[in-house]
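K.L.:
Quick one: the structure is below, and I'll ask about it shortly.
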Amino acid sequence: MQPYQIDYLNLLAQFYLRNNQCDRAATLWALLLMLQPDHPQTALALAFTHLRRGAYHDALSLARRYTRNALDLPLQIVAYYVKTRALYHLGEVQQSRYVARILCEKRKQYHG
């Protein structure tokens with residue numbers, strides 16, 4: 001697949017997400033993740049989409065993978081945000097609060 005085709009699929013997935021067509025967005029991001037398995041932005045976009053569509057276990061699984069890996073700070077923030085929300089919706093309130101504290105620390109680091 002050509003790079004411009006990957007860019008097109010990414011833009012289309014973003015369009016679907018913005019228009020509350022989360023299932024379509026998730027399908028495209030899952031395809032993109034198969035094509036680019038080492039692309040954390042795509043994985044976190046898929047995790048966020050899973051969160052939006054109520055697939056909390058799927059969102060948590062991806063977020064956990066990327067909170068353990070050394071990513072740049074903005075991607076860490078996204079991963080911790082998804083993890084916090086997914087845990088909360090799964091009824092893991094105490095664990096969600098703990099992760100939320102980490103998220104707050106990461107955001108403070110980012111904003112100085």
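Note that full-length UniProt numbering has the sequence shown beginning at 1, numbered continuously upward.
Each residue gets a CB set at the ideal place from its N, CA and C atoms; glycine is no exception.
(1) Going by CA-CA distance only, name the one from Cys104, Ile102, Val78 and Ala45 that's closest to Gln14.
(2) What is the DSSP secondary structure of Ala55, reduced to helix, strand or coil?
(3) Among Leu11, Ser96 and Val78, which residue has its Cα nearest to the Cα of Leu62?
(4) Any contact of the stretch 67-74 with the stretch 22-34, i.e. 3+ C-beta pairs under 8 Å?
(5) Excluding the 5 residues preceding and the 5 following Tyr88 in the sequence, name in chain order all residues of the same chain whose CB lies nearer than 7 Å to its CB.
P.N.:
The answer reads as follows:
(1) For the purposes of this step, residue 14 is taken as the residue at position 14 of the sequence shown. Here the closest residue by C-alpha is Ala45.
(2) Residue numbering aside, residue 55 sits at position 55 when the sequence shown is read from its first letter. Three-state DSSP puts Ala55 in coil, outside helix and strand.
(3) Counting from one through the sequence shown, the residue named residue 62 turns up at place 62. The residue among Leu11, Ser96 and Val78 with its C-alpha nearest the C-alpha of Leu62 is Val78.
(4) Judged by Cβ distances under 8 Å, the stretch 67-74 makes no contact with the stretch 22-34, as fewer than three pairs qualify.
(5) Counting from one through the sequence shown, the residue named residue 88 turns up at place 88. The answer, listed in chain order, is Ser96.
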